[in-house]
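Step one of this worksheet: look at the structure below.
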RNA sequence: UCCCCGAUAGCUCAAUUGGUAGAGCGAGCGGCUGUUAACCGCUAGGUCGUAGGUUCGAGCCCUACUCGGGGAGCCA
């Protein structure tokens, strides 16, 4: 058997161990590149798409129990895919023997339910794979199976006739959660609620799910319960939709920046600097916590640690992004961020994703302009890219999301200074729990009033007092405020925090010292101001908060696959 | 971390305020059906979050803890 079979890990040619494509290298792996070469028996070259698609994850394997004729029929269903997969091979039989057709069957020849429901013509033959949502079985006639494969919100209805060979043994016992591969004809549906349905010519049961134990029952579940089943919750309508919107939104964000010439910079996850003083940090260490090395004064000896100094998980890539911005112009980061704060709210995570653009030769106005244009693009884009999922959120989660996103995309954000905001709050007919006066940090109640009551749309507040903002924000000529801006949106509150950076070395070091920081630790950051300094600005956008806002999902733990929060890191 | 609320069947909840546990959904079996949150009947399923305490008696009252939710702070 060839090393390309995927079952035999030893190459019959080189004798080396063959690491399946996609699986990370493990100790003992000695990669064989044989599979990249033309097949020595038939000159076949495996298309790269096949390799990319192969997953290392163990999954059910369809044994080639069918006749060769059967596979040829299967393959004839989609000639395009056949050509892609089989290329210039001389003999289908040969590849069948080598297990290749099995791969075709498992990897490429599967149609997506989204495509079948939307595009595929009545009368076509397709093969789909998915997980059962509901079954309505009949002892007499046939069963209706609704199947979902995650490609879209909707399920396809599979009609399984009792004439099928495995009807009594298998199909009549199917329950929610079972996985199937179904091959059949797309027919017009006489029932309501769908354009087409699939008449199963073969319904192959791949994996069973014990109905007594399977947690995702065909009924309404609370999000609290589904959080305890995070490994299975993607099989529900809501979390499938969240996953699709999240992915689409990540794509939109990259598209936005890439199409405007922003460079994607990968800033480090492990950092030695507590860059903004932005809250508690997670420590990164290889020291033995039960036997910490001590120096002469019995302090912990970090010289013994992996990096020979205290290190942490990043709370922001901003400072590093600034360095690249001051060389390459416009850059952005998009990566994980970690905060060890003991925050227990529906808007906080210990591990979340943040987008941080940074622009050289840019001031606060340019920064705010980008923030507004960016949000409008993303929100308009997601309505355009995920209409069915957004429809679902609007119908089942929050019936204002589509209206709100449309409104945001079309109308300008409100822009006011901090000073003006304070005036508005002081004049408001409200009893504040936290009294309002110039110099205070705005509280949630104040932010919500401005964005939900006064303006009823996103508000950009600029020019905050320097005393409540970090050292790197540019000091204004009045000496009292800094060139900071926050974008506030209804319900979520602060979704973006940004600023024009202090580009004057003397002012910067003065402010660092005023905040009791050790300037020497930031020598490289100060170098930017020492050598060819330039006005620059940027902001940070919470990815999960953006998804929350776009979907209407109330709890941030439900818009990330595996939320990390205090006392909670299951899965 | 602070304040408030909650934890009862696989899930969502109820139990007349201290008298020994019930419904819907889900599941199993049977019936019916081009059905689509299908429908009808029957059946199974619970050390009432954990540990103490009060009481003749605790799901219910008290204390502590654990977990979950909401609000606040910190922030994105």
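In our numbering, the protein residues as written are 149 to 719.
In this text, a Cβ means the ideal position worked out from N, Cα and C, and glycines have one as well.
These numbers were taken from a predicted model, which means no experiment stands behind them.
Helix, strand or coil: how does DSSP classify residue i here?
i	result
residue 238	Only weak support is given to the placement of residue 238: the predicted model assigns it a pLDDT of 36, under 50, and the value that follows is read from those uncertain coordinates. Looking at residue 238 - three-state DSSP - the assignment turns out to be coil, as it is neither helix nor strand.
residue 266	helix
residue 252	Only weak support exists for where residue 252 lies, its pLDDT of 46 falling under 50; the value from the coordinates is given anyway. The answer is helix: DSSP assigns residue 252 an H, G or I state.
residue 538	helix
residue 720	Summary: the structure shown does not reach residue 720, with the chain confined to residues 149 through 719, and so no result is reported for it.
residue 373	helix
residue 586	coil
residue 429	coil
residue 406	helix
residue 218	Reliability fails at residue 218, whose pLDDT of 47 lies under 50, so the model's placement of it is uncertain and the value that follows must be treated cautiously. The answer is helix: DSSP assigns residue 218 an H, G or I state.
residue 213	With a pLDDT of only 37 at residue 213, under 50, the local geometry of the prediction cannot be trusted, and the value read off the model is given with reservation. If DSSP states are grouped into helix, strand and coil, residue 213 belongs with coil.
residue 296	strand
residue 275	strand
residue 697	helix
residue 468	helix
residue 328	strand
residue 259	strand
To the nearest whole angstrom, what separates the beta carbons of residue i and residue j, a pair I think is in contact under 8 angstroms?
i	j	result
residue 283	residue 336	Actually they do not touch by this definition, with Cβ atoms about 22 angstroms apart.
residue 275	residue 285	That belief does not hold up - the Cβ atoms of residue 275 and residue 285 are roughly 22 angstroms apart, past 8 angstroms.
residue 633	residue 608	6 angstroms
residue 707	residue 692	5 angstroms
residue 330	residue 272	In fact, because the Cβ distance is near 14 angstroms, the residues do not count as touching under 8 angstroms.
residue 644	residue 687	5 angstroms
Alpha carbon to alpha carbon, how far is residue j from residue i? Give it in angstroms, no decimals.
i	j	result
residue 458	residue 628	35 angstroms
residue 376	residue 502	25 angstroms
residue 702	residue 494	7 angstroms
residue 472	residue 414	10 angstroms
residue 442	residue 714	29 angstroms
residue 468	residue 349	58 angstroms
residue 560	residue 354	53 angstroms
residue 344	residue 364	26 angstroms
residue 486	residue 541	28 angstroms
residue 589	residue 612	9 angstroms
residue 571	residue 598	11 angstroms
residue 508	residue 558	28 angstroms
residue 511	residue 650	10 angstroms
residue 465	residue 290	58 angstroms
residue 614	residue 591	17 angstroms
residue 261	residue 360	28 angstroms
residue 460	residue 498	13 angstroms
residue 667	residue 505	25 angstroms
residue 267	residue 278	18 angstroms
residue 366	residue 324	7 angstroms
residue 641	residue 596	7 angstroms
residue 556	residue 694	13 angstroms
residue 439	residue 450	13 angstroms
residue 659	residue 563	27 angstroms
residue 302	residue 690	30 angstroms
residue 296	residue 604	39 angstroms
residue 532	residue 484	26 angstroms
residue 416	residue 462	7 angstroms
residue 683	residue 621	11 angstroms
residue 435	residue 454	8 angstroms
residue 729	residue 679	No answer is possible for residue 729: it lies beyond the span of the chain, which begins at 149 and ends at 719.
residue 313	residue 480	57 angstroms
residue 328	residue 394	27 angstroms
Exposed or buried, which one is residue i when buried takes at least 16 other CB atoms within 10 Å?
i	result
residue 700	buried
residue 575	exposed
residue 552	buried
residue 419	buried
residue 626	exposed
residue 677	buried
residue 662	exposed
residue 299	buried
residue 721	This structure gives no information on residue 721, because the portion of the chain shown stretches from 149 to 719.
residue 379	exposed
residue 470	buried
Taking DSSP's pairing of strands, which residues face residue i in a bridge?
i	result
residue 653	For residue 653, which the question treats as bridged, DSSP gives no partner whatsoever.
residue 346	306 and 334
residue 688	645
residue 284	292
residue 666	According to DSSP, which records beta bridges pairwise, residue 666 is partnered with nothing at all.
residue 480	412 and 505
residue 460	419 and 431
Comparing the CB of residue i with every heavy atom of the ligand NAP, is any distance shorter than 7 angstroms?
i	result
residue 365	Questions concerning the ligand NAP fall outside what the structure shown contains, since it holds no ligand whatsoever.
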